[in-house]
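K.L.:
Below you will find the structure I want to go over with you.
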Amino acid sequence: MQSLRVTIDSNSGFCFGVVYAIQMAEDILDEQGYLFCLGDIVHNDEEVERLQKRGLRIINHEQMAELHNEAVLIRAHGEPPETYQLALQNNLTLIDASCPVVLKLQNRIKTSFDKKDKIFIYGKHGHAEVLGLLGQTSNEAVVFENMEELLKHELPSNITLYSQTTKSTDSFYKIKGELEERGYEVNANDTICRQVSNRDKDLRRFAAKFDKIIFVSGTKSSNGKVLYQVCKDTNPHTYFISKVEELKPEWFQLGDTVGICGATSTPMWLMETVRDALQDYKF
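Take 270 as the starting number for the sequence shown in the working numbering and just add one per residue.
Written as structure tokens, this is what we have:
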């Protein structure tokens, strides 16, 4: 008999954008044994390490500027226009695995910018996706992480509001509502990925079913931070780990039911490794 009863959330794990990017990378690694990737292919160190062992070479924009006549993967987060210009100059073949949801958002922001809209983006400063969005506006759009930061700016009476695709829908609509209460006219473009935002509701249901929750995510994942908080709010006995070595036996007691879940950047194999380690616990 097992000491702990462990279940993995079937809705957790990679979103389709990440699955697509990793599949493309693996196909090319199988063919040529190495591949350059602009930035971490996914915000999960364990998965990045797995792919690096297969030949993935992570580079930054400075390193890309030195590269010529090579293939470079653009990850799901997307890139600003200058990355594509650089590729042309350096004769680089871009393998574009930008998520379709992100590409659609980039196009919408570019259209708004061309119409001279005053664009405000609810997102994380410096995040890869946000830099790609800013690039559509010649870096003129305003990025803000919360209402307090937004109100520090001199706001026009008409605000065009966008969001990073992995933000919380609730937070986005709260910001819209508060701006309208303050008398601003808000053209709100809900561009949040439903595969991500629906996890919010799914995870609340999942987290409520178990004695303990282990949330597995890379520390760099914005979406991971949001979803971990969702679990923690629902079930106070929620623990965040980024790798199996961070599990602590003192979190558990004999007979506990344990749910394992994760971010859209958490690989299923990592959650399975965590499950196997928990099932081996003896009390």
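Beta carbons: idealized from backbone N, C-alpha and C, even for Gly.
In this text the structure is predicted, and so the values were computed from the model without any measurement.
1) If you draw a straight line from the alpha carbon of G452 to that of I444, how long is it in whole angstroms?
2) Using C-beta distances below 7 Å, list every residue in its chain close to T503, excluding the 5 sequence neighbours before and after it, in chain order.
3) How would you label H422, buried or exposed, when you count the other beta carbons within 10 angstroms and need 16 or more for buried?
4) Check each candidate in T276, L430, H330 and V317 and name the one with the smallest Cα separation from G487.
5) Check the C-beta distance from I327 over to G308 and give it rounded, since I have them as a contact under 8 Å.
6) Quick check on this structure: which residue in T380, A340 and S432 has the alpha carbon closest to the alpha carbon of R463?
7) Would you call H312 buried or exposed, if buried means 16 or more other Cβ atoms sit within 10 Å of its Cβ?
8) Considering only their Cβ atoms, is the gap separating D439 from N280 smaller than 9 Å?
9) When the Cβ atoms of the stretch 289-301 are set against those of the stretch 382-400, are three or more pairs found closer than 8 Å?
10) Within 10 Å of its beta-carbon, does T380 have 16 or more other beta-carbons around it, so buried, or fewer, so exposed?
11) Could you pull out every unbroken beta strand (DSSP E) segment of at least 3 residues lying fully inside the stretch 420-456, listed in chain order?
12) Between E515 and K481, what straight-line distance do the alpha-carbon atoms span, to the nearest angstrom?
13) Just to confirm the assignment: which complete beta strand (DSSP E) runs, minimum length 3, are found wholly within the stretch 303-337?
14) So, F389 versus T429, is the Cβ gap smaller than 9 Å?
15) Roughly how far, in whole angstroms, is the beta-carbon of Y391 from the beta-carbon of K436, given that I think they are within contact range, below 8 Å?
16) If you drop the 5 nearest sequence neighbours on each side, which residues of the same chain put their C-beta closer than 8 Å to that of E339?
17) Since E454 and S426 are thought to touch, with beta carbons under 8 Å apart, how far apart are those beta carbons, to the nearest angstrom?
18) Tell me the rounded alpha-carbon separation between C530 and V495.
19) Give the list of continuous alpha helix (DSSP H) stretches no shorter than 4 residues that lie fully inside the stretch 497-549.
20) Given M416, which residues of its chain have a CB within under 7 Å of its CB, disregarding the five upstream and five downstream residues?
21) Return the chain-ordered list of same chain residues with a C-beta closer than 8 Å to the C-beta of E315, the five sequence neighbours on each side being excluded.
22) Using only the alpha-carbon positions, how far apart do Y508 and K501 sit?
P.N.:
Reading off the structure:
1) Position 183 of the sequence shown holds residue 452. Position 175 of the sequence shown holds residue 444. For G452 and I444, the distance between alpha carbons rounds to 13 Å.
2) For the purposes of this step, residue 503 is taken as residue 234 along the sequence shown, with counting starting at 1. Once the five neighbours on either side are set aside, the close Cβ partners of T503 are R473, A476 and A477.
3) On the sequence shown, residue 422 is found 153 positions in, with the first residue counted as 1. Its Cβ having fewer than 16 others within 10 Å, H422 is exposed.
4) Working through the sequence shown from its first residue, we reach residue 487 at position 218. Comparing Cα positions, the closest option is V317.
5) Counting from 1 along the sequence shown, the entry for residue 327 is found at position 58. Counting from 1 along the sequence shown, the entry for residue 308 is found at position 39. I327 to G308, Cβ: 7 Å. Contact.
6) Counted from its first residue, the sequence shown places residue 463 at position 194. Ranking T380, A340 and S432 by Cα distance to R463 puts S432 first.
7) Counted from its first residue, the sequence shown places residue 312 at position 43. Burial call: buried.
8) Within the sequence shown, the letter at position 11 stands for residue 280. Within the sequence shown, the letter at position 170 stands for residue 439. No, they are not a contact pair.
9) no
10) To locate residue 380, count along the sequence shown from 1; it is residue 111. That one is exposed.
11) 427-432
12) Along the sequence shown, read from residue 1 onward, the residue named residue 515 stands at position 246. Along the sequence shown, read from residue 1 onward, the residue named residue 481 stands at position 212. Computed Cα separation, rounded: 15 Å.
13) Counting only runs of 3 or more, we get 304-307 and 325-328.
14) For this step, residue 389 is matched to residue 120 along the sequence shown. For this step, residue 429 is matched to residue 160 along the sequence shown. It is a contact, given that the beta carbons lie within the stated cut-off.
15) Looking up residue 391 in the sequence shown gives position 122. Looking up residue 436 in the sequence shown gives position 167. With a Cβ gap of about 6 Å, Y391 and K436 count as contacting.
16) Residue 339 sits at position 70 when you count from the first residue of the sequence shown. Here the set comprises F305, L361 and T362.
17) The residue you call residue 454 lines up with position 185 of the sequence shown. The residue you call residue 426 lines up with position 157 of the sequence shown. With 8 Å as the limit, E454 and S426 qualify as a contact, their Cβ atoms being about 6 Å apart.
18) Taking the sequence shown and counting its residues from 1, one reaches residue 530 at position 261. Taking the sequence shown and counting its residues from 1, one reaches residue 495 at position 226. Roughly 13 Å between the two C-alpha positions.
19) 537-548
20) Position 147 of the sequence shown, counted from the start, is the residue given in the question as residue 416. Contacts found: I444 and E447.
21) Within the sequence shown, residue 315 is the residue found at index 46, counting from 1. Within the same chain, E315 has close Cβ partners G487, S511, K512, P536 and L539.
22) Residue mapping note: residue 508 aligns to position 239 of the sequence shown, counting from 1. Residue mapping note: residue 501 aligns to position 232 of the sequence shown, counting from 1. C-alpha separation (whole angstroms): 8 Å.
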